[in-house]
Structure formats: C-alpha cells, structure tokens
Amino acid sequence: MSKLIISILAGVFLCTSIINAQTTEPAVSDSLQLDRIVITASKIPLSQRETTKPVIIIDRQELERNAGRDISQILNQQSGIRVNDSYGAPSNTRILYMQGAAAQNTLILLDGLPISDPSGVGGLFDLRLLPTNNLERIEVIKGSQSTLYGTDAIAGVVNLITRSGGDEPVSGSGRISYGSYNTFNGNAGVSGSAGNSVRYTINYNRESSDGFSAARDPESTGTFGSDGYSLDSFFGKVDLTLAEGITLSPFLNYSRNEGEYDGGAFQDADNEYLLDMLNPGIHAEVIHGNLRLNGGYNYTRTERAFISQFGENEFEGRFHNVDFLSNYSFTDRLQVLAGVNFQDFTIPVVDESDRNAQIISPYATFYLKDLNGFSAELGYRLNNHTEYGNNSTFSFAPAYYITGNLKLFGSISTGFKAPTLDELFGPFGANPDLDPQRSLYINAGVETYLLDQSLKLSGQYFIREIDDLIVYTFDRGYINRDRQDDYGIELTADWIVNSRITTGAWYNFVDGEITTVDALGDEVTQSNLIRRPRHSFGVQAGVRITDKLYIRADGEYNGERSDLFFNPENNFAQEDITLDAYTLVNLYAEYRVIDNRVALFGDVKNLFNTDFTEVYGFNTMGTSVKAGVRVSF
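This is the structure we're talking about:
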C-alpha cells in the first residue's frame, strides 16, 4: 500500500508540474515576523517583540503544511515538548510532556478558555478530540502560568486559536486525504460575513483508520488484531458586532471518537471505547478608549464508555468555566489587567450525590513596556478552593533589550494545582486525602536576531520544583511524594535563508528526580523522567523549489528513556525498563495547482521505517504515507 501511494503521489507531482500559467504565490518574507500579535503570554494583545516570555507560534501556513499530521504530532516537533504515543496506534491517548513535567500539569485552552475533563485520568484532556482544520494558529507558553490561568498550568499553556470568518460573504474550504492503514481524513468548512456586523465559520471533520495493533506481539505471531478508530467533529462560531467596540462570539464544539483498544502491554484484546465531548461557550469584548473588557464562559461535558471482557464502564465529567477581565492602559508603557475566574468540576457518582469542586480566583497583572529597553510583567492570583481553601501564586517576568535585536529574559513564578476529582474519588486508586501540588519555576535566557532579522537564536535554562507531587502507584493508588525537582536547557535556531528556503533546529536537555522521605527520615530519590528523554534534538528544512512546489523534511532524535512494566507473570511486580534511543525522518510535499485555490499534498512519516518504542509493550507506526488535496473558494 505505501509503495502504491508513493508511486501515485510521485506521478501526480510529475504531471502537475507541467501545468503552467497559474498565479504564483507571494514570496516568503526574508525576515522573521516580530510584529505578530500574541494573546496567550499576558492575556494582553502584544507583538511578539513586546512579550517578556518566549512564545512558540504555529501559524496557519505551518498548520496547512502539516496536513497529514494531528495536533499531537505537530506539537511533538516543537522545542521543549514531547508527546508520548504520538506515533502509536490511532486509538491510543496522546500524553503531552512540557519541559519534562507530567502531562496533567499542562493546560489546554481553546480560544483562551480552558477545556477540562474532570473524569479523565489525572484530569487529562484528550488531544485527539481537537482536529487542526479549523485552527488559525497555536500559541505555546512554557513555564508556570498559574497566575494568569490558574490550576493545571504548572508546566505551561497550549492555546488553540480558531479561525474567524473573512470579509467575503461566503468562502469555503475542504481537504480530503487517504493513506496507510486505510486512513481517511476529510473536512469541509464555510465561513464569511454579513456586512460589518456578522462573521461566521462552520466546519465538519471526519477521520477513520483501521490502525494497527496497539499492543506489541512479543512472539511476532502476527495474530494480534488491529485497533482502529473514527472521529467526527463539528465546530461553529459567530462573531457579532453589536455596536462599535462591542462584540459577542458564541461557539459550539462537538466531537465523537470511537475505537478499539488492547488489554495492556503485550496483551491483545477486543476492547472498545466511546468518547463524546460537547463544548459550547461564548466570548464577549467591550473596548472603550483605553479600557478593554473581556468575558468568557464555556461548558465541557465529556462522556466515556469502555467495553471489555470485564463489562462496560461509563464515566462522565462536567466542567463550567467563567472568566472576566479588564485591561486598562494608563500610558503607552503601563497597563494593568485585573480579572476573576470561576471554575466548577463535577463527576456523577452512582448512588451518591455528585462529586464536586469549585475554585474562584481573583488575579491582577501589571505590565511595563519598553522603559529604556526594559519590560516586565508582575502578577498575583488568589485561588479559593472549596476543599483546600486559599492558595496564592505570583509571577515576575522581566526582559531587557541590550540592543534592538538582543534580548535577555527570565522569570520566577509559583504554581498551584488541586487534585482532580478522578484522583480524589475516581474508580482507580482514588485518595480523598491528597494535598494540592505547589510549584516554583525559574528560568533565564537570551534571544537574538541576526542577518537583518532573518536568523533567530535563543537559549534558556530552567529549574522547577513541585512540592507534594501527586503520582500513581500500582499498590497504593494516588499518593503525594515530597517533591519533584527538574532542570533543563533549551537551544533553538530559526533561519529564513531567502524567500524560498527556511530551516530550523532545536536541542533539549532535561533531567530530574523525585524525592521521598522514608520511615527513618532519610531522603530517597528516583528518576522522574518516565518515557521522557534526557537528550532530544530536532531539525527541519523547507524549500519552495518553484512558485508552486514546496518540499520540507524534518527529523528528530530522542535519547534513551526509562519506563515501568508491571509484569502480570510475576504478580505485577514493577520492572524498570530502558527504551532505546531512536531517530525519525518525515517528509512533506505540496503542489499548488490553480490560483492558490487547489493544492495537492503528500506526507510521509517515519520515512526509513525505523523500529522504535514510545511505551514499553506497545507498537508504533512504520513508514506511513498519506496523499490528498486541499481546496478553497
């Protein structure tokens, strides 16, 4: 199948390359864009140059050039982020680690509003439920952001920002692709505007795949069955301008994911699951002079069902979020942001009243911009939790431009994360006596722009301490450890060589340990980097060979990692496993056919068919090929 698709793709590119007389695509800028407005870093619209924190921006063009990949695989290409099982069976949950922190310490936002599943393991939200086709861009902020965003943001924030309607009354887009493992992807969207007061966007997405066996066959018998999946998702949003400076934006997000899963490491099974998410909400904005008021509400209901030889288990989580903030500019250099956030978490429990927790959090941030090259952000938040009372966090993030193209930056911030309802009252290892986690994060770095701002070099060092770390143990369920200490280095380079060639590279080092005080009062330490490499490296290069043909190659190296295996043949005793290092190479190509409105694309993952392991006892994909067409009108 892969050879057939590659042959078809090569033939398509060869034939379409002789087509001529179409309008050419505008050339890529020869310098990096520092004036792009970012929201996530400060909740204040600032240019990328003005922010005091490093921001990863994955824009619409880059998302389109990852048409064959899902969100987890796109994020996995970024410095400081590892998404475990991103190359596993499509029915497997993707686990995101940011700067080595546990997955549940990264907050996922949709248009600035958190989406959460209180019934999920550790409160994890499943990234598979969010397709990329309706996204305008992704913004990533690493380091504790609890002062701005509250609980769950100890490691950082990923903000998925959706598209809005354009100036035309009606415009449309669509994409369809087919590839290895009988994988189909198709989506269609319509957007536009009605005068100056209404903008709208509607999008539907369908994915399905036969997949491959999630569990690895230890005897290579070839008898393990494939674990497929299907995903249907819908997104709709309307931007209503009620008067000058007053906007309301209701939205609806819905996804339904069905699939098959195995019985565990090296264990085949005919299990099935169903995951259903409903996420409606509304944004509001009022701008009057130097005052900006923003409000938002969203509701996330997640229903999950698992069917196995042991019967059917159903879980439900309900999450309400209300956020109100005001931003006032005293001068061009000084702004203040003040807000209050309310969150309600609920999981229904059979024969008992619903398990529930609430957090109300007032917060404030002061932002100083470019005072003789010096900028700073100073913030404070008070979290009032129904179970754990008052807990406060603060953040201080200064930056200084030594020259116009050389910036020093750093931060010191604290974080707070309350135990999730699943950890407190869930069916697997729940512990109602858990304490909340508290963290301290410090980083320092440098960023410079060279060669007429076509080359960006950056590096940073970070340390993070989490006290009362919540971990899961096989024999005791969820417990608090005394603390977790992590530290690391990140180096990145991005270079626009000219209007046709771009390249980039990154290197990450992260290490850490968990400390526990034993019964004798002695400190006992162990590595905490389960499934996370100490050393990782990535590189990518893109070339616009002609005005229509674009090709990009990217590769990543992940060093040795540790894993745990609870051996069922030895009373589930814990065994420490070392996973081998591996290198992956991926390839993408696209050819624009008609006036930039029709593009053919192909994506090859794991080009050299590397045999590697992300989770012990589970499979990863071999060479995987996908080809398709993208249209817009």
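Each residue of the sequence shown is one higher than the one before, starting from -18 at the first, in my numbering. Where a beta carbon is used, it is the ideal one built from N, C-alpha and C, also for glycine. The model shown is predicted, which means the values in this text are computed figures rather than measured ones.
Straight-line Cα distance separating residue j from residue i
i, j, result
"ASN163", "GLY609", "13 Å"
"LEU233", "PRO329", "23 Å"
"ALA8", "GLU284", "Confidence in ALA8 is poor, its pLDDT being 47 and thus under 50, which makes the residue's placement too unreliable to answer from."
"LEU363", "ILE477", "43 Å"
"HIS366", "GLY458", "23 Å"
"LEU141", "GLY93", "8 Å"
"ALA175", "ALA195", "48 Å"
"SER605", "PRO71", "12 Å"
"ARG41", "ASP198", "39 Å"
"GLU571", "VAL36", "27 Å"
"ASN479", "LEU432", "11 Å"
"ASP133", "PHE326", "13 Å"
"ILE341", "ILE495", "31 Å"
"ASP148", "ASN577", "18 Å"
"HIS301", "ASP503", "43 Å"
"ARG156", "LEU581", "10 Å"
"THR5", "VAL612", "Summary for THR5: the model assigns pLDDT 40, below 50, so the residue's position carries little reliability, and this model does not support an answer."
"ARG30", "SER310", "18 Å"
"ARG299", "TYR531", "44 Å"
"MET258", "LEU389", "42 Å"
"PHE614", "GLY173", "11 Å"
"GLY81", "ILE383", "31 Å"
"ASP213", "ALA169", "12 Å"
"ASP251", "GLU188", "21 Å"
"SER526", "GLY583", "Reading off the sequence shown, one finds Ile at residue 526, where the question assumed Ser. Roughly 16 Å separates the two Cα atoms."
"ASN57", "MET79", "10 Å"
"GLY104", "ASN65", "17 Å"
Best match in the options for proximity to residue i [C-alpha to C-alpha]
i, options, result
"LEU387", "TYR235, GLU428, VAL596, GLN324", "GLU428"
"VAL171", "GLY502, ASP544, SER152, PRO343", "SER152"
"ASN238", "LEU108, PHE347, SER392, ILE482", "LEU108"
"SER201", "SER613, GLN339, PHE599, TYR235", "PHE599"
"GLY426", "SER190, GLU471, GLY603", "GLU471"
"SER154", "LEU88, PRO26, ASN186", "ASN186"
"SER145", "LEU111, ILE511, THR346, ARG180", "ARG180"
"ILE460", "ARG445, VAL303, PRO413", "PRO413"
"ARG46", "ILE383, TYR569, LYS586", "TYR569"
"SER543", "LEU56, ILE122, GLY493", "GLY493"
"LYS24", "PHE614, ASP257, GLU120, PHE215", "GLU120"
"GLU368", "VAL19, THR401, ALA84", "THR401"
"PHE397", "GLU43, ASN294, ILE288, SER376", "SER376"
"SER100", "GLY61, ARG513, GLU295, ASP249", "GLU295"
"GLN507", "GLY370, ASP467, VAL585, ASP51", "ASP467"
"GLN339", "ASN371, THR128, ASN271", "ASN371"
"GLN324", "GLN316, ASP304, THR312, VAL317", "ASP304"
"LEU405", "SER127, LEU27, THR74, VAL102", "VAL102"
Residues that DSSP places opposite residue i in a beta bridge
i, result
"LEU415", "Paired residue(s): none; LEU415 is not in a bridge."
"ILE470", "TYR442, PHE490"
"TYR382", "LYS388"
"LYS398", "GLN418"
"LEU510", "LEU510 is not bridged to any residue."
"GLN248", "GLY245"
"ILE575", "VAL579"
"TYR538", "PHE518, THR564"
"LYS607", "GLY160, ASP584"
Other residues of its chain near residue i: CB distance less than 6 Å, five sequence neighbours each side excluded
i, result
"ILE263", "PRO231, TYR278"
"ILE447", "GLN418, SER420, GLN465"
"ASN86", "ILE135, ALA136"
"GLY523", "THR483, ARG533"
"GLN59", "ILE37"
"THR497", "ARG462, ASP463, VAL505"
"SER307", "LEU274, ALA319"
"LEU160", "Before going on, a small fix: residue 160 reads as Gly here, not Leu. Correct list, in chain order: VAL606, LYS607."
"ILE183", "VAL171, GLY217"
"ASN337", "THR327"
Closer than 9 Å to chain B by CB, residue i
i, result
"VAL321", "Given the protein chain composition of this structure (a single chain), no chain B is represented."
8 Å CB neighbourhood of residue i in its chain, flanking five on each side removed
i, result
"ARG314", "LEU349, LYS350, ASP351, LEU352"
"PHE547", "PHE455, PHE553, ALA554, GLN555, GLU556"
"LEU90", "THR21, ILE96, TYR130, VAL138, VAL139, ASN140, LEU141"
Own chain partners of residue i with C-beta closer than 7 Å, once the 5 adjacent residues on each side are dropped
i, result
"TYR563", "ASN539, THR591, PHE593"
"PHE490", "GLY469, ILE470, ARG515, HIS516"
"ASN424", "GLY124, GLY391, SER392, GLN441, TYR442, PHE443"
"ASP191", "TYR162, ASN163, SER207, GLY209"
"VAL566", "ALA534, GLY536, LEU588, PHE589"
Just to confirm the assignment: which complete alpha helix (DSSP H) runs, minimum length 4, are found wholly within the region 88 to 175? 127 to 130
In chain order, which continuous runs of the beta strand (DSSP E) of length 3 or greater are located wholly inside the region 175 to 233? 179 to 193, 208 to 224
Please give me, in chain order, every unbroken run of the beta strand (DSSP E) with length at least 3 that falls completely inside the region 310 to 343. 315 to 328
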